[in-house]
Amino acid sequence: MKKVQFTICLIPLVMCIFILPAFGAETGTVVPPEDVLNTVEKVSPKIEEVAMRLWNLSELSLLEVESSTYLKDELKKAGFKMTSEGTSGVPTAFIAEFGSGKPVLGIMLEYDALPELGNEAVPHKESRKDGVTAGHGCGHNLIGAGALGAALAIQDLMKDKEIAGTLRVYGGAAEETEGAKVYMARDGLFGDVDAMLHWHPLNVASVMNVRTSAQSQMYIEFTGKTAHAGFNPWAGRSALDAVEVFLNGVNLMREHVRPTARIHYIIKNGGVAPNVVPEKASVILTYRDESRYFVEDGVAWLKEIANGAAMATQTKALAVDYYGMYDLLPNTPMAKRMQGHLERVGLPQYTDDEIAFAKSLQEAAGVEPGGMTSQIQPLSGEPAVGGSTDVGDVSWLTPTMGVLMPAEPEGIGVHTWMATASHGTSIGVKSAVSAAKVLALTGIDILLDSPFLEEVKKDFEKRTAGFEYKSPINPRIKEPVGLPDEMRSHGSVLDLKESFYKQADEDEYF
Ligand SMILES: [Zn+2]
Numbered sequence: 028m029k030k031v032q033f034t035i036c037l038i039p040l041v042m043c044i045f046i047l048p049a050f051g052a053e054t055g056t057v058v059p060p061e062d063v064l065n066t067v068e069k070v071s072p073k074i075e076e077v078a079m080r081l082w083n084l085s086e087l088s089l090l091e092v093e094s095s096t097y098l099k100d101e102l103k104k105a106g107f108k109m110t111s112e113g114t115s116g117v118p119t120a121f122i123a124e125f126g127s128g129k130p131v132l133g134i135m136l137e138y139d140a141l142p143e144l145g146n147e148a149v150p151h152k153e154s155r156k157d158g159v160t161a162g163h164g165c166g167h168n169l170i171g172a173g174a175l176g177a178a179l180a181i182q183d184l185m186k187d188k189e190i191a192g193t194l195r196v197y198g199g200a201a202e203e204t205e206g207a208k209v210y211m212a213r214d215g216l217f218g219d220v221d222a223m224l225h226w227h228p229l230n231v232a233s234v235m236n237v238r239t240s241a242q243s244q245m246y247i248e249f250t251g252k253t254a255h256a257g258f259n260p261w262a263g264r265s266a267l268d269a270v271e272v273f274l275n276g277v278n279l280m281r282e283h284v285r286p287t288a289r290i291h292y293i294i295k296n297g298g299v300a301p302n303v304v305p306e307k308a309s310v311i312l313t314y315r316d317e318s319r320y321f322v323e324d325g326v327a328w329l330k331e332i333a334n335g336a337a338m339a340t341q342t343k344a345l346a347v348d349y350y351g352m353y354d355l356l357p358n359t360p361m362a363k364r365m366q367g368h369l370e371r372v373g374l375p376q377y378t379d380d381e382i383a384f385a386k387s388l389q390e391a392a393g394v395e396p397g398g399m400t401s402q403i404q405p406l407s408g409e410p411a412v413g414g415s416t417d418v419g420d421v422s423w424l425t426p427t428m429g430v431l432m433p434a435e436p437e438g439i440g441v442h443t444w445m446a447t448a449s450h451g452t453s454i455g456v457k458s459a460v461s462a463a464k465v466l467a468l469t470g471i472d473i474l475l476d477s478p479f480l481e482e483v484k485k486d487f488e489k490r491t492a493g494f495e496y497k498s499p500i501n502p503r504i505k506e507p508v509g510l511p512d513e514m515r516s517h518g519s520v521l522d523l524k525e526s527f528y529k530q531a532d533e534d535e536y537f
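Counting the sequence shown from 1 gives a position; our numbering is that position plus 27.
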């Protein structure tokens, strides 16, 4: 057995990362980083094609049927075996595999768009000529393309260099609503993965060594009694009144939650007309905090507030936490290794036209027209950030690390039409190609550098000592609540709601 000789390098280990190619401790296989980068370059036309195809499709969460079929076809064409389709109750989720045995390297794809964010790929607000109103404002078209590109490059290298192990691609549908990764986590589909890679477009270049928030999503519905609001209001009980009492309670609660908590909601149904006492009214609410423990605490309190609001208004309350996510767990050895690779890959080089496009977008957004970011962020000390991702659940089940690559100009946020526009241009494609390079370099290390993988696993075991995964999804829910009835295989949404009402009669929901 050939041992990896880190001792030949007299400078500190962190510098070695930039110099040493990945070694196969068992086989002695060596893959110079240049080979990895060249292989990604070779698949970059495919990355561009996929990025543009997904951008044009711009399908919403759970409805990304064509996008997922297209990605599955690309993987099958490349020689991946489709091991699961419609995975864990999510019709547009899938798992594909290449190779066999250990180690198992995972790469996660996303491909859903956001409602109302459709825009032509131009630096001003302009609806799409083809009438598509959704848009890739979070750049999941680029995630799908870049992560697929990394997988295709790693697969090529596995074939060329006879690298042992399994490369597994997870089709993480519906990230924007009820992300499939949490359903997959509930089904134990990450159990044998040695390490997982992912990435996200943003306006910075950075390793994702951060903690995102854990969160729960709640549906709260009040049922009152309808009546004519003028003739006999005393005969009615307003469900909207209950919503108002509930939300007032929520906003008083806000004063006493932890500083890391976030509560946001919309009124989904507030009645039909002012002269009809509303029989039904409902709220959708998200509760976030830095860990599942604190989120569950908050959710329990919110259920009590709903119960109190129902008592105060003589209505009935149904309060269901139907979906949730864990916070994102970092991994220090993976973060450090990825930082080295990010610095090697560097920032994309932009043409004058691309810079001009970026500056026009910034002018349209009213931010300083400085163009694209000009620096790579140093490795951060795991700061908490307010958003959430369904990668969180995966990160508690297998060592996970991701990278952020600039896909929109500085000062432009995701979930905007400006980001949609940028994600449909060569700026977005360059982001996906650069991300694919960072992921492929890290992936090859996972497959070949077994002392590194050992370190990664040790860090993971230390962080998760005594931890037991408990799914944030209510066991009664077999498939996403937002799935249209024609795509469901476990009964209609109404049936599901009825089952919660029945359960609520017996326990905590009323
Ligand atoms: Zn996103």
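We put the beta carbon where it would ideally sit given N, CA and C, even for glycine.
What whole-angstrom Cβ distance do Thr-56 and Gly-128 have, given they're in contact under 8 Å?
Actually they do not touch by this definition, with Cβ atoms about 15 Å apart.
The alpha helix (DSSP H) enclosing Pro-118, as first and last residue numbers:
It is not in any alpha helix (DSSP H) - Pro-118 carries neither H nor E in the DSSP assignment.
Whole angstroms is fine: what's the gap from Val-209's alpha carbon to Ala-256's?
44 Å
Hey, would you say the C-beta of Glu-86 is under 7 Å away from at least one heavy atom of ligand 1?
no
Using a threshold of 8 Å, state whether the C-beta atoms of Ala-180 and Val-70 are closer than that.
yes
Helix or strand or just coil, what does DSSP make of Trp-423?
coil
In whole angstroms, give me the CA-to-CA distance for Thr-498 and Arg-213.
For clarity, residue 498 is Ser in the given sequence; the question names Thr instead. Their Cα atoms are separated by approximately 6 Å.
Under 7 Å from any heavy atom of ligand 1, does the C-beta of Glu-202 make it?
yes
Candidates Asp-486, Ser-449, Phe-487 and Ser-526: which alpha carbon is nearest Lys-152's?
Ser-449
With Ala-177 and Val-456 assumed to form a contact (beta carbons below 8 Å), what rounded beta-carbon distance in angstroms separates them?
So it is not a contact: roughly 14 Å between Cβ atoms.
Is it the case that the CB of His-227 approaches a heavy atom of ligand 1 more closely than 7 Å?
yes
Taking only three categories from DSSP, how would you classify Phe-217?
coil
Identify the continuous alpha helix (DSSP H) that holds Arg-371 and give its terminal residues.
359-372
Which residues bound the beta strand (DSSP E) around Ala-344?
343-352
May I ask you to check if the CB of His-167 is nearer than 7 Å to at least one heavy atom of ligand 2?
Looking for ligand 2 in the displayed structure turns up nothing; the ligands present are ligand 1.
In terms of DSSP beta bridges, what is Thr-443 paired with?
In the DSSP output, where bridge partners are listed per residue, Thr-443 has none listed.
Check Gly-126 in the structure and name its three-state DSSP category.
strand
Can you tell me where the beta strand (DSSP E) with Gln-389 in it begins and where it stops?
That residue, Gln-389, is in no beta strand (DSSP E); its alpha helix (DSSP H) goes 379-392.
Return helix, strand or coil for Asn-302, following the three-state DSSP convention.
coil
Buried/exposed call for Trp-261, threshold 16 Cβ in 10 Å
exposed
Endpoints, alpha helix (DSSP H) assigned at Gln-182:
167-187
When the Cα atoms are used, what is the spatial distance from Glu-112 to Met-135?
15 Å
Tell me the DSSP bridge mates of His-517?
Beta-bridge pairing links His-517 to no other residue.
Considering only residues of the same chain and omitting the five flanking positions on each side of Gly-171, which have a CB-CB separation below 8 Å?
Val-77, Ala-78, Leu-81, Ser-94, Leu-98, Leu-136, Glu-137 and Tyr-138
Quick check on Phe-494: does DSSP put it in helix, strand or coil?
coil
On the DSSP bridge assignment, give the partners of Met-249 in chain order.
Reading off the sequence shown, one finds Phe at residue 249, where the question assumed Met. Ala-308 and Ala-344, per the DSSP bridge assignment.
Are Asn-83 and Thr-447 close, meaning C-beta to C-beta below 8 Å?
no
Would you mind reading off the limits of the beta strand (DSSP E) that contains Trp-226?
222-229
Could you name the residues of the same chain whose beta carbon sits closer than 6 Å to that of Gly-206, not counting the 5 residues immediately before and after it, in chain order?
Asp-417
Could you compute how far the alpha carbon of Asp-567 sits from the alpha carbon of Lys-386?
Given a span of 28 to 537 for the chain in the structure shown, any question on residue 567 remains unanswerable.
Taking the alpha-carbon of Ala-346 as reference, which of Val-421, Ser-243 and Pro-405 has the nearest alpha-carbon?
Ser-243
At what residues does the alpha helix (DSSP H) containing Arg-80 begin and finish?
60-84
Met-561, enclosing alpha helix (DSSP H) - first and last residue:
Outside the displayed span of the chain (28 to 537) sits residue 561, for which this structure offers no information.
According to DSSP, simplified to helix, strand and coil, what is Ala-52?
Caution applies to Ala-52, whose pLDDT of 48 falls short of 50 and renders its modelled position unreliable; the value that the coordinates give is listed next. In this structure, Ala-52 counts as coil in the three-state DSSP scheme.
Which residues DSSP lists as bridging Glu-506, in chain order:
Glu-506 pairs with nothing; no bridge assigned.
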